[in-house]
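To keep things clear, I will list the structure first and then write my remarks on it.
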Amino acid sequence: MPYPFRTTAATRCRWAAAALACALASPAGAQRPLIPAGPRALTLEDAMSLARTHNPSVAQSANEVRLAGASVRSAYGDLLPGLNLSNSFGYTAPGERRIGSVSLGDQPSIYSSNYGVSASYSLTAGKLIQPRIARAEARETEWRSTRAANDLVSEVTRRYIAVLQAQARLQQVEREVVRSDEHMRQGQIQAAAGLTSPLDRKRTEVQRSQMEVKRLQARRTLRTETVALGRALGMSMDGEVELTSRFTLFEPRWTAEELVAMAMDGNAGLRQASGSVETARARVSSARAAYLPSFSLSLHMTGWIQSAGDVEMLVQQRLGGRTVTPEVEAGIRDRVRRENQGFPFAYNRQPVNASATLSIPVFQGFGRRTQLQRSRAAVEDAEGRRRAEQLRVHAEVTTALTNLRAGYELAGAQRKVRELAAEEVELARHRLRLGAGNEMALNDAQIRLAQAEVDEIDASYTFHLTLAELEALVGTSLR
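Reading the sequence shown from the start, the letters are residues -30 to -1, 1 to 449 in mature numbering (1 follows the signal peptide of the UniProt record, and there is no 0).
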């Protein structure tokens, strides 16, 4: 009887490929995305909170702080005594036993058990100083973590402002496109009345095409900045997002001395440099401790018990082949049995062994002196880095404040330029409607207005970016 259908080799291969694709697709579809999706509406405070939760650098800093705390506990733990407990069990099979060339004859099987308790305490000057070093390193790690957190806040703020700036640039281009379309409609009306030349109309079309190119570029920039913001947050933000926080211009009234004092007290990088100096000084004390004596104390307690597997063999060994009365044999047998009772925990204690050692290092080469010199040099280097960090913070705070004041004045000046350019465009349109002007003058006025709008946007957001940089330097919010 023929089969109802026939499968070829090619058909079987297609079925196998389909089954393999389904098997591979099912686990992949069940997997959760590695990068969480970002929200569609976002404030600056929410952005900072999300970055603290999802940015991987935050977890790394937290791990470093935890490890530093564990090192402090370990340093204190080294000052405590040590205690060890041990217990072992043994078995020796029956048979002839020998010690060298001397035969002990046949022996029964032996079960053995023993225990050991040992306590030790070691004290050196280095151990006494190690907690101080560990605490200094922990504080340095905490300030390094704080610096990383401040850098993250600064990065999120800059990215947030960059997205707002890109959105403002896109909105400006959209307004420019609307003005260009209105200009083209007016040009068509003027052309129908015979008031414009073909060259003017062609210039208008070229300007409209340029506006479309600018719009594409602005959209690309906005998408790029949005993705960069998502990266700072540790999330995926490749779509449109509504940023609801707004930044207003204000006149900076701080003095350079006031901000420098705030930075000297709150700058995390400077505090980290101070922590490095403290750690280096503690290590100098540790290097000096190598010249001091050390003391150690130990205490040992042991016990053992063993039992023969065949008591009768031990009785015969005690008799030694002699003929004795039943009463004597019974006494020997009873004694042997008592000696083999108590296994495995009725130990026979051994005498306590205790020792105390005082070690004084007299001469151990020149390694200790070299280490001390290196530690002192490390202190000088750390102090130099701290001084350099102070100079950097002082210079950058002063420069940032100068740029902030200049940015505020520049933003105000650009606003006036934009207002004058808008008035020029309205005047050029009015003259064109009256027939007293031409399209070339209107095109030039619109180009100047567009540039003035872009310059105003850039000046405004440059002010806010400079303020974010100043906040990162002083270590606190200034808004």
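Glycine is no exception: its CB is placed at the ideal position from the N, C-alpha and C atoms.
A quick note: this is a predicted structure, and the numbers were derived from the prediction, not measured.
Collapsed DSSP secondary structure at residue i in the structure displayed
i, result
"residue 311", "coil"
"residue 304", "helix"
"residue 131", "helix"
"residue 436", "helix"
"residue 76", "strand"
"residue 109", "helix"
"residue 320", "coil"
"residue 205", "coil"
"residue 272", "strand"
"residue 55", "strand"
"residue 65", "strand"
"residue 447", "coil"
"residue 219", "coil"
"residue 86", "strand"
"residue 212", "strand"
"residue 8", "coil"
"residue 429", "helix"
"residue 122", "helix"
"residue 50", "coil"
"residue 94", "coil"
"residue 327", "strand"
"residue 262", "coil"
Enclosing alpha helix (DSSP H) for residue i [first to last residue]
i, result
"residue 18", "14 to 24"
"residue 378", "337 to 404"
"residue 243", "238 to 258"
"residue 289", "281 to 289"
Residues near residue i in its chain [Cβ-Cβ closer than 6 Å; skip 5 each side]
i, result
"residue 76", "66"
"residue 251", "349"
"residue 217", "434"
"residue 266", "92, 327"
"residue 314", "83"
"residue 114", "242"
"residue 5", "206"
"residue 384", "425, 426, 429"
"residue 342", "257"
"residue 418", "391"
8 Å contact criterion, which residue i and residue j should meet: CB distance rounded
i, j, result
"residue 64", "residue 284", "Not quite, the Cβ-Cβ distance comes to about 11 Å (not below 8 Å), so this is no contact."
"residue 519", "residue 254", "Within the shown structure, residues of the chain are numbered from -30 to 449, placing residue 519 beyond reach of any answer."
"residue 276", "residue 80", "6 Å"
"residue 20", "residue 181", "Not confirmed; about 36 Å, so no contact."
"residue 272", "residue 47", "Residue 272 to residue 47, Cβ: 27 Å. No contact."
"residue 214", "residue 13", "5 Å"
"residue 150", "residue 189", "That belief does not hold up - the Cβ atoms of residue 150 and residue 189 are roughly 17 Å apart, past 8 Å."
"residue 112", "residue 28", "In fact, because the Cβ distance is near 14 Å, the residues do not count as touching under 8 Å."
Residues of its chain near residue i, where Cβ-Cβ distance is below 8 Å and the 5 sequence neighbours each way are ignored
i, result
"residue 185", "140, 143, 144, 147"
"residue 444", "229, 232, 233, 236, 237, 367"
"residue 39", "108"
"residue 131", "217, 431, 434, 435, 438"
"residue 193", "208"
"residue 317", "83, 84, 85, 273, 274, 275"
"residue 59", "81, 82, 83, 314"
"residue 26", "204"
CA nearest to the CA of residue i, picked from the options
i, options, result
"residue 263", "192, 299, 95", "95"
"residue 430", "213, 135, 364", "135"
"residue 440", "25, 128, 111", "128"
"residue 268", "26, 49, 89", "89"
"residue 308", "281, 48, 196", "281"
"residue 401", "415, 389, 388", "415"
"residue 201", "359, 391, 23, 418", "23"
"residue 248", "105, 259, 42", "105"
"residue 211", "240, 244, 133", "133"
"residue 222", "403, 379, 62, 257", "379"
"residue 279", "121, 311, 261", "311"
"residue 172", "442, 32, 334, 413", "413"
Contacting residues, own chain, Cβ-Cβ under 7 Å from residue i (five flanking each side not counted)
i, result
"residue 18", "123, 126"
"residue 53", "89"
"residue 302", "285, 288, 289"
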